[in-house]
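Okay, so the sequence shown: first residue is 1 according to the working numbering, each after it adds one.
Every residue, glycine too, gets a C-beta built ideally from N, C-alpha and C.
One structure is given below, encoded as structure tokens.
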Amino acid sequence: MNVNLLLGLQWGDEGKGKIVDVLTANYDLIARFQGGPNAGHTLMFDGHKHVLHTIPSGIFHKKAKNIVGNGVVIDPVIFKKEIEDLAKFNLDIPSKLFISRKAHLILPTHRLLDAVSEASKGKAKIGSTLKGIGPTYMDKTGRNGMRVGDLELSDWKEKYKALAAKHLKMLDFFDVDVQFDLEELETEFYEAIKVLKTIPFIDSEEFINSALKNNQSILAEGAQGSLLDIDFGTYPFVTSSNTTAAGACTGLGVAPGKIGEVFGIFKAYTTRVGSGPFPTELFDEDGAKMAKVGNEFGATTGRPRRCGWLDLVALKYAVQINGATQLMMMKADVLSGFDKIKACTSYNYKGKEITHLPYNIEAHNVTPIFTEFECWNEDLTSITDFDTLPIQLKSYIKFIENFVEVPVKIVSVGPDRKQTIMR
Ligand code: GDP
Ligand code: IMO
Ligand code: MG
1 MNVNLLLGLQ WGDEGKGKIV DVLTANYDLI ARFQGGPNAG HTLMFDGHKH VLHTIPSGIF
61 HKKAKNIVGN GVVIDPVIFK KEIEDLAKFN LDIPSKLFIS RKAHLILPTH RLLDAVSEAS
121 KGKAKIGSTL KGIGPTYMDK TGRNGMRVGD LELSDWKEKY KALAAKHLKM LDFFDVDVQF
181 DLEELETEFY EAIKVLKTIP FIDSEEFINS ALKNNQSILA EGAQGSLLDI DFGTYPFVTS
241 SNTTAAGACT GLGVAPGKIG EVFGIFKAYT TRVGSGPFPT ELFDEDGAKM AKVGNEFGAT
301 TGRPRRCGWL DLVALKYAVQ INGATQLMMM KADVLSGFDK IKACTSYNYK GKEITHLPYN
361 IEAHNVTPIF TEFECWNEDL TSITDFDTLP IQLKSYIKFI ENFVEVPVKI VSVGPDRKQT
421 IMR
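Quick look at the structure:
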């Protein structure tokens with residue numbers, strides 16, 4: 001058996017949560033491999049909307065087990081809230097959620113460091129979700145971090161205190177006034193750790209590899225998107241983990257040869273939340289319409305998402321880096337009723353037409369060159385069969401498939417589980 005991956009090909013919020021939930025029926029195990037509660041994955045079924053930040057999107061299914069892998073960073077305070085929000089659904093969470101001992105912990109002081117680091121950047125700020133992601137991964141790679149497995153040791157509070165004391169000194173480095181009540185933050189943190197400890201801690205790499213040997217099917221759930229990858233994204237306006245396919249190997253302990261299908265998920269247009277370059281961004285009525293119809297507000301921070309046309313140059317880049325074998329097009333319903341649809345098929349880069357994603361994609365270096373498509377007027381939200389989709393949408397999909405050389409296997413036409421067309 002192989003591990004299949006599902007990951008975002010754009011700047012996040014492509015609809016990963018929805019599709020993982022839909023696909024979980026076919027899997028024994030769902031595993032998050034990177035990122036932390038900067039993620040907000042939305043699921044909708046039976047008239048309810050759920051937003052998950054740390055817990056994998058397979059949690060609502062009866063049979064599947066869910067793993068928070070070693071590559072994830074966990075904030076016990078946010079995790080406790082997620083567990084509490086799920087309590088009313090009687091999911092028997094400790095029987096089907098497992099946490100890697102090697103996952104790193106986000107401390108309250110990591111959040112403070114994130115806040116002062118962003119504030120000190122002024123206009124150059126990244127637009128971080130301020131969940132402490134950057135500082136926690138810095139401690140991980142700097143070999144100073146605290147891991148979930150440390151909580152099983154009797155002296156974990158001393159380790160915590162030493163690291164927090166260092167962070168407090170680091171706060172002084174920044175010329176930013178930050179108000180906080182450490183005692184209050186620590187009380188909240190300690191209470192949350194009690195809840196975290198009610199979930200089994202495991203050696204997840206061992207767990208996952210034995211599951212593979214026992215022919216169990218595994219789906220790895222990505223967070224963020226390829227253009228937010230620490231290496232291949234629009235640095236420095238990125239997150240601090242490898243969001244691309246390779247991140248699943250290091251974030252779960254799965255060998256590259258064990259990766260099977262790579263499901264690449266993208267919106268029929270593009271969105272981005274936070275700062276950083278976005279060549280196809282729209283500042284006109286079309287962009288406003290996408291934001292309104294697509295209800296484009298961040299699932300974690302509530303911030304409005306910037307909207308623009310599909311960028312096929314960037315999509316092709318993401319397909320290549322990830323080795324995507326199948327594509328899933330989300331939010332096709334949002335484009336109904338536009339005069340024309342556009343997709344960027346090359347860039348004018350410093351006066352020259354190019355078809356790859358260059359090192360600099362800021363507006364002064366890159367102007368998108370668009371190909372236009374006919375749009376459709378039909379409401380797609382009740383369509384269940386690919387063949388009955390409007391011809392204009394089918395041509396748009398065909399063009400995308402030819403451009404990136406990967407087939408589109410799922411078309412999503414609404415936020416609900418049921419609004420998913422399999423091909
Ligand atoms: P994720 O972070 O990739 O899981 O995506 P988010 O949950 O942050 O954002 C996707 C948003 O689009 C959520 O509000 C979903 O409910 C919604 N959504 C997902 N698929 C569709 C779709 O096909 N059509 C529409 N209209 N909304 C969708
Ligand atoms: P999901 O999994 C969209 C963005 C932030 C910011 C940058 C760095 O829901 O798709 P960080 O908190 O990591 O320091 O923020 O990355 N970002 C996301 N944008 N979806 C996400 O996750 C994101 N996670 C982080 O807005 O620009
Ligand atoms: Mg999201």
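In this structure, the alpha-carbon of Leu112 lies about 35 Å from that of Tyr269. Residue state for Gly298 is assigned as coil, using DSSP reduced to three classes.
If you keep only unbroken alpha helix (DSSP H) runs of at least 4 residues inside the region 154 to 220, you get 156 to 173, 182 to 196, 204 to 213. Between the alpha carbons of Ala103 and Thr367 lies a distance of about 41 Å. By the criterion of a C-beta distance shorter than 6 Å, Ala324 is surrounded in its chain by Val262, Gly264, Val406, once the five residues flanking it on both sides are discounted. Around the beta carbon of Pro94, fewer than 16 other beta carbons sit within 10 angstroms, so the residue counts as exposed.
For secondary structure counted as the alpha helix (DSSP H) over 4 or more consecutive residues, the region 266 to 334 holds these complete runs in sequence order: 285 to 293, 312 to 322.
Only residues of its own chain outside the window of five on either side were considered, and among them Met44 have a CB closer than 6 Å to the CB of Pro415, listed in chain order.
Bridge pairing for Glu372: Lys342 [DSSP]. For Pro358, same chain residues with a beta-carbon under 6 Å away, outside a window of 5 residues either side, are Tyr349 in chain order. Assignment of Thr54 by DSSP, reduced to helix, strand and coil, places it in the coil class. By the CB criterion at 8 Å, Thr129 and Thr243 fall outside the cutoff. Contact check for Ala64 against Tyr27 passes: the beta carbons are separated by less than 8 Å. Judged by pairs of C-beta atoms under 8 Å, the region 68 to 78 touches the region 134 to 150, as three or more such pairs exist. DSSP, read as helix, strand or coil, puts Asn144 in coil. For His41, the CB falls within less than 7 Å of some heavy atom of the ligand GDP. For the pair Phe370 and Ala162, the Cα-to-Cα distance works out to about 54 Å.
Partner residues in the beta bridge of Ile74, as assigned by DSSP, are Leu105. Residues of the same chain with a CB within less than 6 Å of the CB of Glu281, apart from the 5 flanking positions on each side, are Arg306, Gly308 in chain order. For the set Arg143, Leu107, Ala255, Val313, the Cα lying nearest the Cα of Leu185 is the one of Leu107. At a threshold of 7 Å, Ala299 counts as near the ligand GDP, since its beta carbon sits closer than that to one of the ligand's heavy atoms. At a cut-off of 7 Å, the beta-carbon of Asp13 counts as near the ligand MG: some heavy atom of the ligand is closer than that. Note that the region 3 to 15 touches the region 205 to 225; at least 3 beta-carbon pairs, one per stretch, sit closer than 8 Å. The region 226 to 236 and the region 317 to 332 touch, with no fewer than 3 CB-CB distances between them shorter than 8 Å.
Per DSSP, Glu353 is one residue of the beta strand (DSSP E) stretching across 352 to 354. In the DSSP assignment, Gly8 falls within the unbroken beta strand (DSSP E) covering 3 to 8. By the neighbour-count criterion, in which a residue is buried when 16 or more other Cβ atoms sit within 10 angstroms of its Cβ, Arg143 is exposed.
In the DSSP annotation of this structure, Val254 is not part of any alpha helix (DSSP H), being labelled neither H nor E. Short note on Ser241: C-beta not closer than 7 Å to any heavy atom of the ligand GDP. Residue burial annotation: Glu84 is exposed, with fewer than 16 other C-beta atoms found within 10 angstroms of its C-beta. Relative to the ligand IMO, the beta carbon of Leu113 is positioned no closer than 7 Å to any heavy atom.
Asp203 has its alpha-carbon roughly 25 Å from the corresponding atom of His41. When secondary structure is reduced to three states using DSSP, His61 falls in the coil class, being assigned neither helix nor strand.
Ranked by Cα distance from Pro277, the first of Phe237, Ala248, Gly257 is Phe237. According to the DSSP assignment, Ile99 belongs to the beta strand (DSSP E) that extends over 97 to 100.
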